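For the record, the sequence lines run as chains A and B. Mapping the first sequence onto the working numbering, position 64 (from 1) lands on 64, and the numbers just tick up by one. Mapping the second sequence onto the working numbering, position 473 (from 1) lands on 473, and the numbers just tick up by one. Where a beta carbon is used, it is the ideal one built from N, C-alpha and C, also for glycine. Computed from a predicted structure; not experimentally measured. Here's the structure we're looking at; comments come further down.
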Amino acid sequence: MNSPESSGEEKAQSPALFTVRTAEIVVALALAIGALIVSWSNYQLGAGWNSYGPDAGYFPFRLSVVVFLASCVVLVNAIRHNDRSPFVQRDQARLVAVILIPLIFYVFGIAYLGIYVASAIFIAAFMRFLGKFPWWKSAVVGICVMLAFFYIFEIQFKVPLPKGPLENWLGY
Amino acid sequence: MEDLNALMQGFGHVLGWQNIGLMLIGILLGIVVGVLPGLGGPNGVAILLPLTFSMNPTSAIIMLSCIYWGALFGGAITSILFNIPGEAWSVATTFDGYPLAQQGRAGEALTSAFTGSCIGALVGVIIITFLAPLVAKFALRFGPPEFFAVYFLTFCSFIGMGKEPKAKILIAMCIGFLLAAVGMDTVSGQLRMTFGSTQLLRGFDFLVAVIGLFGVSEILLTMEEGLAFKGKKAAIDLKVVFKTWAMLPRYWVTLLRSSIIGCWLGITPGGATAASFMGYGMAKKLSRNPDGFGKGAIEGVLAPETAAHAAGTSALLPMLALGIPGSATAAVLLGGLMIWGLQPGPMLFIEQKDFVWSLIASMYLGNIAGLLVVLSTVPLFAAILRIPFSIIAPAIMVVCAIGAFTVHNAQFDIWLMVAFGVIGYIFKKLQYPLAPMVLALVLGDRAEDAFRQTMVGSKGALSVFFSNGLVGTIMVLALITLLWPLVSAVMNGLRHRATLRSSTQTS
Numbered sequence: 001m002n003s004p005e006s007s008g009e010e011k012a013q014s015p016a017l018f019t020v021r022t023a024e025i026v027v028a029l030a031l032a033i034g035a036l037i038v039s040w041s042n043y044q045l046g047a048g049w050n051s052y053g054p055d056a057g058y059f060p061f062r063l064s065v066v067v068f069l070a071s072c073v074v075l076v077n078a079i080r081h082n083d084r085s086p087f088v089q090r091d092q093a094r095l096v097a098v099i100l101i102p103l104i105f106y107v108f109g110i111a112y113l114g115i116y117v118a119s120a121i122f123i124a125a126f127m128r129f130l131g132k133f134p135w136w137k138s139a140v141v142g143i144c145v146m147l148a149f150f151y152i153f154e155i156q157f158k159v160p161l162p163k164g165p166l167e168n169w170l171g172y
Numbered sequence: 001m002e003d004l005n006a007l008m009q010g011f012g013h014v015l016g017w018q019n020i021g022l023m024l025i026g027i028l029l030g031i032v033v034g035v036l037p038g039l040g041g042p043n044g045v046a047i048l049l050p051l052t053f054s055m056n057p058t059s060a061i062i063m064l065s066c067i068y069w070g071a072l073f074g075g076a077i078t079s080i081l082f083n084i085p086g087e088a089w090s091v092a093t094t095f096d097g098y099p100l101a102q103q104g105r106a107g108e109a110l111t112s113a114f115t116g117s118c119i120g121a122l123v124g125v126i127i128i129t130f131l132a133p134l135v136a137k138f139a140l141r142f143g144p145p146e147f148f149a150v151y152f153l154t155f156c157s158f159i160g161m162g163k164e165p166k167a168k169i170l171i172a173m174c175i176g177f178l179l180a181a182v183g184m185d186t187v188s189g190q191l192r193m194t195f196g197s198t199q200l201l202r203g204f205d206f207l208v209a210v211i212g213l214f215g216v217s218e219i220l221l222t223m224e225e226g227l228a229f230k231g232k233k234a235a236i237d238l239k240v241v242f243k244t245w246a247m248l249p250r251y252w253v254t255l256l257r258s259s260i261i262g263c264w265l266g267i268t269p270g271g272a273t274a275a276s277f278m279g280y281g282m283a284k285k286l287s288r289n290p291d292g293f294g295k296g297a298i299e300g301v302l303a304p305e306t307a308a309h310a311a312g313t314s315a316l317l318p319m320l321a322l323g324i325p326g327s328a329t330a331a332v333l334l335g336g337l338m339i340w341g342l343q344p345g346p347m348l349f350i351e352q353k354d355f356v357w358s359l360i361a362s363m364y365l366g367n368i369a370g371l372l373v374v375l376s377t378v379p380l381f382a383a384i385l386r387i388p389f390s391i392i393a394p395a396i397m398v399v400c401a402i403g404a405f406t407v408h409n410a411q412f413d414i415w416l417m418v419a420f421g422v423i424g425y426i427f428k429k430l431q432y433p434l435a436p437m438v439l440a441l442v443l444g445d446r447a448e449d450a451f452r453q454t455m456v457g458s459k460g461a462l463s464v465f466f467s468n469g470l471v472g473t474i475m476v477l478a479l480i481t482l483l484w485p486l487v488s489a490v491m492n493g494l495r496h497r498a499t500l501r502s503s504t505q506t507s
């Protein structure tokens with residue numbers, strides 16, 4: 001964990017990964033393309049009028065046209081405003097990646113290990129590598145938190161969560 | 001009178017030991033949710049909603065609405081002690097709350113924030129008690145065109161009153177509608193926008209979207225700031241509480257003004273955040289010593305908290321009476337109603353009398369209980385924030401993942417949650433508003449059904465929306481709110497030009 005002082009210093013020095021302008025343009029283009037795909041899909045389905053009233057695609061088709069037009073407006077505004085302030089700085093991007101990438105591994109892990117084991121590993125790894133806790137403390141916290149969750153969900157509320165080999169072996 | 005009797009019966013229902021227990025659990029969970037970054041009113045309620053599927057609706061709504069009250073209270077703790085708003089609506093509380101804490105008057109600031117919140121909420125509930133049945137009775141006359149008109153008004157006022165760029169509000173809202181339309185079409189049974197994927201057949205559940213948009217994205221944003229919590233100590237003893245309470249009557253004007261602002265913005269979908277800023281601004285403008293604001297004025301804490309809580313509470317009025325939520329959290333609660341098998345809308349006051357009046361009764365009790373709980377447990381919750389972020393962040397992620405999974409028992413939903421988290425992160429940074437998106441996602445199907453039923457009835461003539469006085473008035477109101485920014489800009493321009501001309505003439 002960075003202390004506020006040091007991160008403040010780094011923020012001032014850290015170069016921008018890309019600017020607000022770039023981000024605005026990319027998002028607006030993505031939205032416009034998405035809107036075109038969706039409107040085409042709804043057009044195929046029928047965006048007009050049949051004997052019972054509006055077709056299934058009537059409402060969504062018009063909405064996607066609105067999204068397309070509005071994203072064009074955003075695009076034009078973004079180019080005109082030319083906001084060169086940073087969208088994310090390199091340090092910030094690193095911090096976000098530090099949580100986003102493990103999160104993706106974690107969601108993968110749920111499919112194979114079950115949610116309890118994957119979560120315990122996720123919490124412990126986070127504490128070990130980001131919080132610089134000794135490994136035994138990380139392990140204890142990770143396991144205890146998940147035991148508490150197991151008690152609440154599996155035993156108290158009887159909500160089935162994805163389980164893996166360990167729970168099968170224990171007979172749950 | 002009849003309504004008051006019903007309310008008394010409601011109190012009778014709520015005062016069972018089980019419901020009181022659920023109420024306290026809800027408030028405690030709510031405060032935790034309000035204190036932690038990344039968990040807030042909407043996603044706190046969304047995560048816990050699946051646990052209530054098997055409860056009876058009355059107990060379930062009591063618990064969930066108490067989470068909402070708790071979250072409203074909890075936001076103030078972090079903003080006063082840590083200068084970190086736990087919720088968007090407590091940003092204005094930091095302006096004077098943190099300076100007070102720095103001066104060692106944290107106890108006073110907290111007591112007045114909580115008491116102000118409670119007063120604001122009670123004013124909101126009183127308004128609900130008397131106004132909601134009337135609104136519902138009036139709305140019984142509504143047919144599909146009128147309902148569509150009211151939906152239209154809601155969405156227009158979001159666009160007209162939103163602070164974000166209008167095109168972005170429009171995009172966010174339409175994306176919400178489009179996401180709601182994915183999957184099986186309710187009228188024709190055709191598949192829409194599934195692109196051949198079986199996972200998309202189920203459509204997008206708003207609960208998953210809320211957890212991702214508000215929970216995961218918030219953690220990403222907090223992470224980006226490299227946050228480390230450094231807080232002030234807080235101790236509240238009875239002496240401070242009573243001293244502060246004795247002082248409060250002096251500020252009755254502020255309290256009343258903020259309550260009214262809050263109720264107004266809560267019923268019209270302005271939301272608690274707008275209300276808190278407006279409450280603060282008005283208090284500063286009309287105060288006898290505006291210079292004290294920002295340096296630790298008690299009024300500066302009272303005004304935004306009262307307004308935020310009044311708005312948060314009265315946002316439930318349109319939800320109960322019309323089936324149209326006034327805030328993101330109210331939207332999630334509305335989704336809950338549908339899951340428990342209740343049909344939201346004006347018929348609720350007739351068909352589910354017990355449910356409605358128990359909920360209203362629980363609002364009175366919940367807010368008073370909330371005040372007592374929060375006053376006695378502040379040090380405990382302040383301690384939560386001293387837990388290192390490297391434990392809290394993954395734990396919140398795990399809770400979010402569990403919440404997303406339990407909605408449909410589908411692992412695909414966890415992926416969706418992550419995707420919504422990234423979208424929410426980008427949207428927040430680029431000022432795309434999230435609340436209209438969630439609202440559209442919840443109301444999308446209902447709004448579309450109302451529109452299509454109307455169109456079938458009128459054989460496609462849009463003139464049906466102006467066919468009688470009632471629906472015409474609502475539509476005109478909607479168009480006015482939609483075009484209001486345009487109108488006021490033109491008027492300002494004209495006035496500006498007029499003053500220019502008069503000044504050139506005189507010179």
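Look at residue 379 of chain B here: in three-state DSSP terms it is helix. Between residue 111 of chain B and the set B:8, B:210 and B:247, the nearest pair of CA atoms involves B:247.
Taking a beta-carbon distance threshold of 8 Å, residue 49 of chain A counts as an interface residue toward chain B. Per DSSP, the beta-bridge partners of residue 192 of chain B are B:183. Between the C-alpha atoms of residue 27 of chain A and residue 46 of chain B there is a straight-line separation of about 27 Å. With contacts defined as CB atoms closer than 8 Å, residue 141 of chain A and residue 123 of chain A qualify as a contacting pair. In the DSSP assignment, residue 165 of chain A falls within the alpha helix (DSSP H) that extends over 165–170. A distance below 8 Å separates the beta carbons of residue 179 of chain B and residue 441 of chain B. Under the three-state reduction of DSSP output, residue 198 of chain B falls in the coil class, being neither helix nor strand. Residue 9 of chain B and residue 359 of chain B have their C-alpha atoms spaced approximately 11 Å apart.
Taking residue 77 of chain A as reference, the option from B:424, B:166, B:114 and B:95 with the minimal CA-CA separation is B:166. Here DSSP, grouped into helix, strand and coil, assigns residue 75 of chain B to helix.
Secondary structure note for residue 238 of chain B: its alpha helix (DSSP H) is the uninterrupted segment 238–247. Scanning chain A for C-beta atoms nearer than 8 Å to the C-beta of residue 415 of chain B yields 107, reported in chain order. Taking residue 60 of chain A as the centre and dropping the five residues before and after it, the same chain places the C-beta of 42 closer than 6 Å to its C-beta, in chain order. When the beta-carbon positions are compared, residue 369 of chain B and residue 55 of chain B stay at least 8 Å from each other.
The beta carbon of residue 44 of chain A sits no closer than 8 Å to any beta carbon of chain B. Residue 341 of chain B is not a Cβ neighbour of residue 323 of chain B, given a cutoff of 8 Å. By the Cβ neighbour-count rule, residue 49 of chain A is exposed, with fewer than 16 other Cβ atoms within 10 Å of its own. Here the alpha carbon of residue 136 of chain B sits roughly 7 Å from the alpha carbon of residue 349 of chain B. For residue 152 of chain B, the enclosing alpha helix (DSSP H) covers residues 144–161.
Excluding its 5 nearest sequence neighbours in each direction, residue 114 of chain A has C-beta neighbours in its own chain below 8 Å: 161, 162, 163, 164, 165, 166 and 167, listed in chain order. A Cβ of chain B is located within less than 8 Å of the beta carbon of residue 70 of chain A. In the three-state reduction of the DSSP assignment, residue 88 of chain A falls in the strand class.
The criterion of a C-beta distance shorter than 8 Å is satisfied by residue 35 of chain B and residue 385 of chain B. Proximity of the region 410–425 of chain B to the region 140–156 of chain B falls short of the contact definition, fewer than three beta-carbon pairs being nearer than 8 Å. Residue contact with chain B for residue 114 of chain A: absent (no Cβ-Cβ distance below 8 Å to any residue of chain B).
In this structure the region 55–71 of chain B does not touch the region 269–287 of chain B; the number of beta carbon pairs closer than 8 Å is below three.
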